[in-house]
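Residue numbers (the numbering used here): 243 to 560.
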């Protein structure tokens, strides 16, 4: 029988002229909400070293160090009546630590059950670390989570209270952490994102294949600026609003997402690029896993990981 990580339920810029008149050549935000802008250079813009040429298809993964990996997991909470213990936490953390060390990361001591203030201080301290000689950063966070439908905000849980999910990565933007600017920053989140379940759809083979083509454009520049939120990847265990499952079927009770993530990193980390590996993780979780439960509401349900990425290049750990 599978158990489930259940989340606590609480759940214009004006026109510059009239038609026919002169038009401004300035770029303006596509919403009044954000006001206006122009093409002048912001003298306060953060300046960082360029780790790779703008036209490169791959991130520079040949620095002196691979980088820091921070693994944070929760097995218990101050209010056990609202948030059930996560018995898989320690095993999941061990899997992550072993996989990341094999990829060359310096895995910080496993952080278990920190309170909110401690968690945020840990992340802030990591953002102030000098990452100049590092390729990248990885953060793995494992806990309960929820989506607040009233505010449309998503939260994960520290030991004592909830944390906005975005607080896991906001300290590591290019602006807030210049020594990681232009370098991949990867966040993997094992947590429920709501209380819905996915019943799945049966897909049958079609006769004709679909062929597509693509175009790659790689302009050459000597110096370039990047967006503050560039070079980040966040991968969640499940789609927004959905449950994330754990299962004893892998030899020991393990989060389904963490099982497949570490399995693929171990098998392909020395030869495949990250995007290809995460596609495989998504595919294997989505196709190979189906829940088994004595509860009809949780039996024969599916799970699909969800990725948000502003990565501009491929990540290869070789």
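Just so you know, even glycine gets a beta-carbon here, dropped at the ideal spot from N, CA and C.
Asked: Expressed to the nearest angstrom, what Euclidean distance is found between the alpha-carbon atoms of residue 512 and residue 400?; Found: 33 Å
Asked: Pull up the CB-CB distance for residue 311 and residue 350, whole angstroms please, since I reckon it's below 8 Å.; Found: 7 Å
Asked: Please classify residue 367 as buried or exposed, where buried requires at least 16 other C-beta atoms within 10 Å of its C-beta.; Found: exposed
Asked: Need the endpoints of the beta strand (DSSP E) that residue 501 sits in, please.; Found: Per DSSP, residue 501 belongs to no beta strand (DSSP E); it is in the alpha helix (DSSP H), 498-510.
Asked: Between residue 472 and residue 545, which are expected to be in contact by the criterion C-beta below 8 Å, what is the C-beta distance as a whole number of angstroms?; Found: With a Cβ gap of about 29 Å, residue 472 and residue 545 do not count as contacting.
Asked: At the level of alpha carbons, what is the spacing between residue 508 and residue 344?; Found: 8 Å
Asked: I want to know whether the stretch 329-346 touches the stretch 291-299 - three or more CB-CB distances under 8 Å.; Found: no
Asked: Quick check on residue 416: does DSSP put it in helix, strand or coil?; Found: coil
Asked: Give the straight-line distance between the Cα atoms of residue 413 and residue 525, rounded to the nearest whole angstrom.; Found: 31 Å
Asked: What are the start and end residues of the beta strand (DSSP E) that includes residue 345?; Found: Unbroken run through residue 345: none, as it is neither H nor E.
Asked: Can you say whether residue 308 is buried or exposed, counting buried as having 16 or more other CB atoms within 10 angstroms of its CB?; Found: buried
Asked: Taking the alpha helix (DSSP H) that residue 517 falls in, what are its first and last residues?; Found: 516-530
Asked: Who are residue 411's beta bridge partners in DSSP?; Found: In DSSP, residue 411 forms no bridge with anything.
Asked: Compare the Cα-Cα distances from residue 515 to each of 558, 382, 397 and 362 and report the closest residue.; Found: 558
Asked: For the alpha helix (DSSP H) holding residue 370, just list the boundary residues, first then last.; Found: 358-370
Asked: Excluding the five sequence neighbours on either side, which residues of its own chain have a C-beta within less than 6 Å of the C-beta of residue 475, listed in chain order?; Found: 428, 551 and 553
Asked: Candidates 372, 392, 494 and 320: which alpha carbon is nearest residue 386's?; Found: 320
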